[in-house]
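Visitor: Once you know that position 100 of the sequence shown is 100 in full-length UniProt numbering, the rest is easy, because the numbers rise by one and skip nothing. We put the beta carbon where it would ideally sit given N, CA and C, even for glycine.
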Amino acid sequence: MVQGLKKFKGHPTRAKAKPARRKVRDQKHGNFNLKAKKCSARRQEQIAAEKKVTKMINANVEKQCAAKLLQAGERLQFGDIRSKGKALNRDIKRKLCTKKKTRMEEKLDAFRAKLDREDKNAPPTTVTKPNKLPGLE
1 MVQGLKKFKG
11 HPTRAKAKPA
21 RRKVRDQKHG
31 NFNLKAKKCS
41 ARRQEQIAAE
51 KKVTKMINAN
61 VEKQCAAKLL
71 QAGERLQFGD
81 IRSKGKALNR
91 DIKRKLCTKK
101 KTRMEEKLDA
111 FRAKLDREDK
121 NAPPTTVTKP
131 NKLPGLE
């Protein structure tokens with residue numbers, strides 16, 4: 001549009017209510033995280049348990065998002081969230097680096113453990129060792 005040109009908006013007294021005003025009027029006001037007053041103690045405990053679970057889920061999601069951001073090379077402003085993300089990344093890398101045992105290694109470990117148990121249950125045997133080796137006197 002040309003500078004200084006004003007578009008005709010219609011008659012000012014016939015204008016309808018603006019949608020923004022309508023949204024403000026219809027919007028609910030107040031704090032909706034209050035304790036329910038008209039319910040039993042058991043229900044209040046359930047509500048508290050639900051809030052606790054929700055907080056745990058949100059903290060876990062926050063930690064995972066921070067880990068993904070740090071992997072992508074982004075920077076986070078909050079140090080506590082950054083440290084949680086770094087710790088999660090460290091755990092993920094550690095799990096990737098650990099080698100999974102093969103079936104044969106598992107069987108060998110089980111066999112060694114079985115031998116150790118049998119050795120502990122067996123009576124002690126005495127073996128005498130010579131003080132000097134023959135031929136090196």
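(1) Would you list, in sequence order, the uninterrupted alpha helix (DSSP H) runs of no fewer than 4 residues that lie entirely inside the segment 74-119?
(2) By DSSP, does residue 39 sit in helix, in strand, or in coil?
(3) DSSP on residue 28, reduced to helix/strand/coil?
(4) With distance defined between alpha-carbon atoms, name the residue in 54, 51, 55, 88 nearest to residue 147.
(5) What does the alpha-carbon distance come out to for the pair residue 123 and residue 64?
(6) For residue 82, collect the residues of the same chain with a Cβ closer than 6 Å to its Cβ; drop the 5 residues on either side in sequence, then sort them by chain order.
(7) Straight-line CA distance for residue 55 to residue 98?
(8) Please report how far the alpha carbon of residue 121 lies from the alpha carbon of residue 111, in whole angstroms.
(9) Could you check if residue 84 is buried or exposed, using at least 16 other CB atoms within 10 Å of its CB as the buried criterion?
(10) If you draw a straight line from the alpha carbon of residue 52 to that of residue 43, how long is it in whole angstroms?
Guide: Based on what the coordinates show:
(1) Entirely contained in the segment 74-119, the alpha helix (DSSP H) runs reaching 4 residues are, in chain order, 79-97.
(2) On the sequence shown, position 39 is the one that residue 39 refers to. It is coil, neither helix nor strand.
(3) Walking along the sequence shown from the start, residue 28 turns up at place 28. The answer is coil: DSSP assigns residue 28 none of H, G, I, E or B.
(4) Because the chain in this structure spans residues 1 to 137, residue 147 falls outside the shown range and cannot be described.
(5) Position 123 of the sequence shown holds residue 123. Position 64 of the sequence shown holds residue 64. Cα to Cα, residue 123 sits roughly 55 Å from residue 64.
(6) Walking along the sequence shown from the start, residue 82 turns up at place 82. The residues are 76.
(7) Here residue 55 refers to the residue found at position 55 of the sequence shown. Here residue 98 refers to the residue found at position 98 of the sequence shown. Looking at the two C-alpha atoms, the distance is approximately 32 Å.
(8) Residue 121 sits at position 121 when you count from the first residue of the sequence shown. Residue 111 sits at position 111 when you count from the first residue of the sequence shown. The straight-line gap from Cα to Cα measures roughly 15 Å.
(9) Counted from its first residue, the sequence shown places residue 84 at position 84. Burial call: buried.
(10) Here the question's residue 52 lines up with position 52 in the sequence shown. Here the question's residue 43 lines up with position 43 in the sequence shown. Looking at the two C-alpha atoms, the distance is approximately 14 Å.
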